[in-house]
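As they're listed, the protein sequences go chains A and B.
Positions 3 to 417 (my numbering) are the ones given, in order, by the first sequence.
Positions -13 to 347 (my numbering) are the ones given, in order, by the second sequence.
Structure first, then comments.
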Amino acid sequence: MSREQILSSDGIPLEQSLKKAERKNKLKAVLLVAPLFLFILIIYVFPIGDMLFRSVDDRMITKMLPKTFQAMENWDGQELPDEPVYKAIYEDLKYLKENKTYGKIIARLNYEKSGFSSLIKKTVRKLNKIEEGNYKEQFIKIHKRWGQPEYLVALKNAAPNWSYAKYLKGVDMRFDQDRSIVQVEEDRRIYKILWMRTINVAFWVTLFCFILAYPISHLLATLPMKYSNLLMICVLLPFWTSLLVRTSSWMVLLQQQGPINDLIVWIGLAADDNRPELMYNVIGTFVAMTQILLPFMVLPLYSVMKTISPSLMRAGKSLGGTPLVSFVKIYFPLTIPGIGAGCLLVFILAIGYYITPALVGGASGSLISNTIAYHMKSSLDWAFASALGTMLLVGVLAIYWVYNKLVGIDNIKLG
Amino acid sequence: MGNDHFVRFENVDKSYDGKQLVVKGLNLDIEEGEFVTMLGPSGSGKTTCLMMLAGFETPTNGQIYLDNKVISDIPPHKRGIGMVFQNYALFPHMTVYENLAFPLRVRKIPKDEADKKVDKALSMVSLQGFEARMPMQLSGGQQQRVAVARSLVFDPKLVLMDEPLGALDKNLRESMQYEIKHIHESIGVTVVYVTHDQTEALTMSNRIAVFNDGKVQQLSSPDELYERPVNSFVAEFIGENNTFAGEITDVSGDKCKVKLNSGNEILANPIVAKSKGEKTTVSLRPERALIDPVTEMDNNHKGKIEEVIYHGDHTRLRLDLLGNKQFILKVPNSSNRMDIKEGKEINIGWNSVDCRALDPK
């Protein structure tokens, strides 16, 4: 049977008139979505793109020493380079000195190899004395490091426009002078510890939240309306309070002269002159984060449990299952979508948590996001902060992917 | 105690709030192999009774015996009572097979034996080949059949059904009624069935317990219940009913004279109201009254046709008779009576034995 084109009453093909009729609706839909779309584009897509870009962007030095890198292009990096390279360095530095912008390259080159700081500073200071011709000799005279190939190799290594050195730094690795990847010195390996601590805290906070939230959610889902509403308000009340206020109140509660410590001393668990430190360490981070993230676990669990008919548990019991067996075989499996959603939500929130660890975490309780903030605000190494941020983002996406493989995102229920 | 009844409710009271009794002094005996239906309007305490029997509610007072043992202290999972729930309560994350195997698995029955039992139970409800399906992939009727099979698969001696057909459409409900009835007959299990649908109760049961106001109003076989209701509530609740309110003026043997509020006098059968001067409500089934009776009947009165309603197999007449403007009469359509018209006066006759003088409403 051949497919004939169906015409509408005015002779236009049906398909065309359908499209025409639906065009207006489509346009309306697009216009309704447009504000949110723009918002997401401006608030999320551009900044994240910029962050990704920044973390690998290394063009600054290339732009500042253009002649040097051009002259170095054909140098094999074994022996000292020839005269043209030194001439190019002279011209670049001279230009930078005239514009007073040479300060920027010092930090960058010093990161590539320590010792560049004094080398550049001294060279720039004595740049006026250099005469035309025989630059190599005059340079080595100013500073003997100009005669050591490793400094010139390090300089050459800084040439590429793009670099993933910041990412290596994020996992305690670096390039050595022949561009191979090595671990940093033992006493400088801090980021791996930080990552492990972050994951560890996120894991335990998720677990504590789950243990605390499961019974509450069950109660919420099964209590009569008038009690469950009250309980729901109790769960949501902290939600409506500022995060900063909640964290600060934990600081009041957990401090060494605070009520919780008073109670511990009063019960006799600790001596008055030996009060345990509950704050400015991992304990404080655990306690405060668990409390703050609890609603994110309760709500998805509650919404799933609400849909489980109480007659299922009754059916389980009437068929001969003990309450425990009925729970394990019937109730629990039905709550897995809620558990998945809650755990994923809490874990992802916890892994990037900032304010609470910053306030109650102290040194041993600070997490990766605190380090990112430090590099954004204090050390001004935005590229490194971006690299850490990107790694965190990729990590979260990886968790999401694994979860999808194991449980299936479709099974998640948030309400 | 005991007394050789399979299930026995003895003076059972139940209150949820300590202020009102939902079930009041309930006494009920059920024999082994019986199909007993608890029938009543919503809020009459029938489901509460079922839940107490299943073990999900505890009696506030009194005892329940199962097989001559007090069961109040036995938790539900040890009672060995099968149960079919209102919304089937199939486990949505398990296949049909796993649903049926659940009661066998918790009883640690070996797999090959369990497989046989599951197969047998599924064939009972003609659902072989559906083992691997999930409950959501089944239609309402199929889900219901799985629920029935699951309640029977572990060979319980007693099965409770809590309005199991409530969610099905009319045709399916009717065929399921027969199906459940046949399963009951073929395996001889004792069934306690709860419903508010009287047709369902009349179709399926050996005996029906009519509940109202937390009490059993009458416990008897379907025909007895319909033909010989013991009080006004049962007469009204089961089937259609015509009533006359009045006062007994004379009693002689198995007949009594009732003076109706309209002033007329009729002859009735004294059941509840038995002595002169008592107020009474007289109950008469529509099909017991005849138009122009051929045989001699001891009540004969004239009534005016107010409304004629065609019902396919019969025609229904609403009459104004002895002051009752809602008097219903059923005329079979095979009787070829063409003179049934609105506004016409006709002769109505009935026997006093069918006309029961019950308690006043």
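Heads up, the beta-carbon is just placed ideally off N, CA and C, and yes, glycines get one too.
Going by the beta-carbon positions, is the gap between residue i and residue j smaller than 8 angstroms?
| i | j | result |
| --- | --- | --- |
| Phe42 (chain B) | Val82 (chain B) | no |
| Leu151 (chain B) | Arg131 (chain B) | no |
| Pro61 (chain B) | Ala40 (chain B) | no |
| Glu93 (chain A) | Ala160 (chain A) | no |
| Leu7 (chain B) | Asp(-1) (chain B) | yes |
| His182 (chain B) | Leu25 (chain B) | yes |
| Leu238 (chain A) | Pro302 (chain A) | no |
| Leu111 (chain A) | Phe118 (chain A) | yes |
| Ile63 (chain A) | Ile107 (chain A) | yes |
| Lys265 (chain B) | Asn333 (chain B) | no |
| Leu90 (chain B) | Phe140 (chain B) | yes |
| Phe21 (chain B) | Tyr179 (chain B) | yes |
| Tyr356 (chain A) | Ser380 (chain A) | no |
| Gly367 (chain A) | Asn263 (chain A) | no |
| Asp306 (chain B) | Glu292 (chain B) | yes |
| Leu76 (chain B) | Ala153 (chain B) | no |
| Leu295 (chain A) | Gly354 (chain A) | no |
| Gln184 (chain B) | Phe223 (chain B) | yes |
| Gly232 (chain B) | Val244 (chain B) | yes |
| Val177 (chain B) | His170 (chain B) | yes |
| Lys241 (chain B) | Ser338 (chain B) | yes |
| Met281 (chain A) | Met253 (chain A) | yes |
| Ser58 (chain B) | Asp199 (chain B) | no |
| Arg65 (chain B) | Leu52 (chain B) | yes |
| Met110 (chain B) | Leu144 (chain B) | no |
| Thr200 (chain A) | Leu336 (chain A) | no |
| Pro162 (chain A) | Asp60 (chain A) | yes |
| Tyr193 (chain A) | Asp174 (chain A) | yes |
| Thr292 (chain A) | Val207 (chain A) | yes |
| Thr2 (chain A) | Val409 (chain A) | Look at the range of chain A in this structure, 3 to 417, and you will see that residue 2 (chain A) is not part of it. |
| Ile8 (chain A) | Leu16 (chain A) | yes |
| Val58 (chain A) | Trp164 (chain A) | yes |
| Ile257 (chain B) | Ala343 (chain B) | yes |
Could you work out which residues of chain A lie near residue i, taking near to mean beta carbons separated by less than 8 angstroms?
| i | result |
| --- | --- |
| Pro62 (chain B) | Arg316, Lys319, Ser320 |
| Gly66 (chain B) | Gly322 |
For residue i, go through chain B and note every residue whose CB falls closer than 9 angstroms to its CB, in chain order.
| i | result |
| --- | --- |
| Pro335 (chain A) | Phe77, His79, Met80 |
Please report the Cβ distance between residue i and residue j, rounded to the nearest whole angstrom; I am assuming they are in contact, meaning their Cβ atoms lie under 8 angstroms.
| i | j | result |
| --- | --- | --- |
| Gly344 (chain A) | Met299 (chain A) | 4 angstroms |
| Lys171 (chain A) | Gly79 (chain A) | In fact, because the Cβ distance is near 23 angstroms, the residues do not count as touching under 8 angstroms. |
| Leu146 (chain B) | Ile67 (chain B) | 6 angstroms |
| Gly340 (chain A) | Ser305 (chain A) | 7 angstroms |
| Ile252 (chain B) | Val268 (chain B) | 7 angstroms |
| Asn73 (chain B) | Ser320 (chain A) | Incorrect: roughly 14 angstroms between the Cβ atoms, too far for contact. |
| Ala254 (chain B) | Leu315 (chain B) | Ala254 (chain B) to Leu315 (chain B), Cβ: 18 angstroms. No contact. |
| Val294 (chain B) | Ile326 (chain B) | 6 angstroms |
| Gly286 (chain A) | Val92 (chain B) | No, Gly286 (chain A) and Val92 (chain B) are not in contact; Cβ-Cβ is about 46 angstroms, not under 8 angstroms. |
| Pro272 (chain B) | Asn228 (chain B) | 6 angstroms |
| Phe71 (chain B) | Asp148 (chain B) | 6 angstroms |
| Leu205 (chain B) | Ala195 (chain B) | 5 angstroms |
| Val126 (chain A) | Tyr104 (chain A) | 6 angstroms |
Give me the chain A residues within the contact set of residue i, using Cβ-Cβ distance strictly less than 9 angstroms, ordered along the chain.
| i | result |
| --- | --- |
| Phe42 (chain B) | Arg316, Lys319, Ser320 |
| Arg136 (chain B) | Ala317, Leu321 |
| Pro272 (chain B) | Result: empty, since nearest Cβ-Cβ is about 39 angstroms, beyond 9 angstroms. |
List, in chain order, every chain B residue whose beta-carbon is nearer than 7 angstroms to that of residue i.
| i | result |
| --- | --- |
| Val327 (chain A) | Val92 |
| Ile332 (chain A) | Phe77 |
| Ser311 (chain A) | Asn73, Ala75 |
So, is the C-beta of residue i closer than 8 angstroms to a C-beta in chain C?
| i | result |
| --- | --- |
| Met69 (chain B) | No chain C is part of this structure, whose protein chains are labelled A and B. |
So which residues of chain A does residue i contact, with C-beta pairs closer than 7 angstroms?
| i | result |
| --- | --- |
| Pro89 (chain B) | Leu321, Gly322 |
Cβ-based contacts, 8 angstroms cut-off: residues of the stretch 373 to 396 of chain A near chain B: none
Residues in the stretch 215 to 246 of chain A having any Cβ partner in chain B nearer than 7 angstroms: Within the stretch 215 to 246 of chain A, no residue qualifies.
Minimum length 4: unbroken alpha helix (DSSP H) runs contained in the stretch 352 to 396 of chain A: Qualifying alpha helix (DSSP H) stretches, in chain order: 357 to 362, 370 to 379.
Residues of the stretch 138 to 150 of chain B whose Cβ lies closer than 7 angstroms to any Cβ of chain A, in chain order: Phe140
Inside the stretch 44 to 117 of chain B only - alpha helix (DSSP H) runs reaching at least 4 residues: 82 to 92, 97 to 110
Runs of alpha helix (DSSP H) wholly within the stretch 122 to 187 of chain B (minimum 4 residues, chain order): 126 to 138, 156 to 173
Ordered list of alpha helix (DSSP H) runs contained in the stretch 278 to 363 of chain A, each at least 4 residues: 284 to 308, 312 to 320, 325 to 328, 334 to 353, 357 to 362
Secondary structure, beta strand (DSSP E): runs of 3+ residues fully inside the stretch 271 to 319 of chain B: 285 to 296, 300 to 307, 310 to 318
Those runs of the beta strand (DSSP E) which lie wholly inside the stretch 123 to 177 of chain A and span at least 3 residues: 175 to 177
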